[in-house]
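These notes are about the structure you will find just below.
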């Protein structure tokens, strides 16, 4: 049939699809080979939407073998762009075809597609983070050739898009965020606010006070704000210093052989245990902020819980240290016991109060999740 009428290969239907489009969609390897032998230039034809060539169709539905046949006849066809400037790797990401994405990453002659940006400045990693296809995000982010610092026309990195769609403490602690690298942070939030302003202007209903409030709230909550971090670091450093000193100035002193005089008393053992626990938690907070400051600009959720636990352990260590040196059933010891018990209850109560989400946090999360990136 094609030998009698070769032009049939370029005839299109109502959607603008050629026979090669349908061969790629069905994964018909033999039909693809025959059509490419007849007229391989059909691989460059886009449908009426301007978004899909036969190669884009093959990528979107995950037909890697069909793609191999087409680029064997037209090696330069792998660089074909649609009306949005998207490559076959963009199409594979949009289709959620992780095996096809892996095929492209493993094919050396397709390296140029890995960081190709479309007309909106989005690389395949941006699109994977926006939809999101978490397995594809992980696959791309783990490849050293992928540029995780690329910024699209909305001034957003892939990490910013991932945070916008998954805003919250779980997103900040996600291992995917660590693989995506550093976040642009404040520029991303500013761009979202600017986008809202433009939408309101187009609707003719500008409410400047509300936009100003949103900007102020977002900047107050911004991870780049280091005031709370400095306070946490100061408290953790003080606790670590005090508990470290207490470990070498034990109540009751030392024997001539270096052992603690009161080491056999249960209250002394409680003192040592909780002093060590408090010191460990304080050091953990310090290490947390050190890693957050050097490995990424994204400051993770404040470890206030660790500081509170460290404070509570220090209170218990203080009480048990006094019981070691006070007489049994001492009135002073009883008073100390009550005071320390009240302090521990206050710490436990603060867990319930602080761990509840504020209305501002809930509103901000709903607002971020409603944004289209």
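Residue numbers (our numbering): 905 to 1277.
Built from N, CA and C at the ideal position, the CB exists for glycine as well.
All of these numbers come straight from a predicted model, not from anything done at the bench.
Three-state secondary structure (DSSP) of residue i
{"i": "residue 944", "result": "helix"}
{"i": "residue 1168", "result": "coil"}
{"i": "residue 1129", "result": "Residue placement at residue 1129 cannot be trusted, given a pLDDT of 47 that sits under 50; the coordinates are not used to answer."}
Element boundaries [alpha helix (DSSP H), containing residue i]
{"i": "residue 930", "result": "923-930"}
{"i": "residue 954", "result": "Here residue 954 belongs to no alpha helix (DSSP H), and DSSP marks it neither H nor E."}
{"i": "residue 1060", "result": "Taken as a continuous stretch (DSSP letters only), residue 1060 belongs to no alpha helix (DSSP H), as it is neither H nor E."}
{"i": "residue 969", "result": "968-977"}
{"i": "residue 997", "result": "992-998"}
{"i": "residue 1005", "result": "1002-1010"}
{"i": "residue 1209", "result": "1208-1229"}
Test item: CB-CB of residue i and residue j under 7 angstroms
{"i": "residue 966", "j": "residue 1004", "result": "yes"}
{"i": "residue 1037", "j": "residue 1000", "result": "yes"}
{"i": "residue 1045", "j": "residue 1065", "result": "no"}
{"i": "residue 913", "j": "residue 939", "result": "yes"}
{"i": "residue 949", "j": "residue 962", "result": "no"}
{"i": "residue 1008", "j": "residue 1039", "result": "no"}
{"i": "residue 1143", "j": "residue 1208", "result": "no"}
{"i": "residue 1214", "j": "residue 1182", "result": "yes"}
{"i": "residue 951", "j": "residue 919", "result": "yes"}
{"i": "residue 1171", "j": "residue 1228", "result": "yes"}
{"i": "residue 1179", "j": "residue 1150", "result": "yes"}
{"i": "residue 1177", "j": "residue 1164", "result": "no"}
{"i": "residue 1014", "j": "residue 982", "result": "yes"}
{"i": "residue 1057", "j": "residue 1025", "result": "yes"}
Cβ separation of residue i and residue j, assumed to be a contact under 8 angstroms, to the nearest whole Å
{"i": "residue 1022", "j": "residue 1052", "result": "Not confirmed; about 17 angstroms, so no contact."}
{"i": "residue 1020", "j": "residue 1011", "result": "14 angstroms between Cβ atoms; not a contact."}
{"i": "residue 880", "j": "residue 1136", "result": "No information on residue 880 is available, as it lies outside the stretch 905 to 1277 that the chain covers here."}
{"i": "residue 1018", "j": "residue 978", "result": "About 20 angstroms; that fails the 8 angstroms criterion."}
{"i": "residue 932", "j": "residue 960", "result": "Residue 932 to residue 960, Cβ: 17 angstroms. No contact."}
{"i": "residue 1221", "j": "residue 1184", "result": "About 12 angstroms separates the two Cβ atoms, so there is no contact after all."}
Heavy atom of the ligand GTP within 6 angstroms of residue i beta-carbon
{"i": "residue 1243", "result": "In the structure shown, the ligand GTP is absent, as is every other ligand, since no ligand is present at all."}
What are the uninterrupted segments assigned as alpha helix (DSSP H) that are 4 or more residues long and contained completely in the segment 1012-1057, given in chain order? 1028-1034 and 1038-1045
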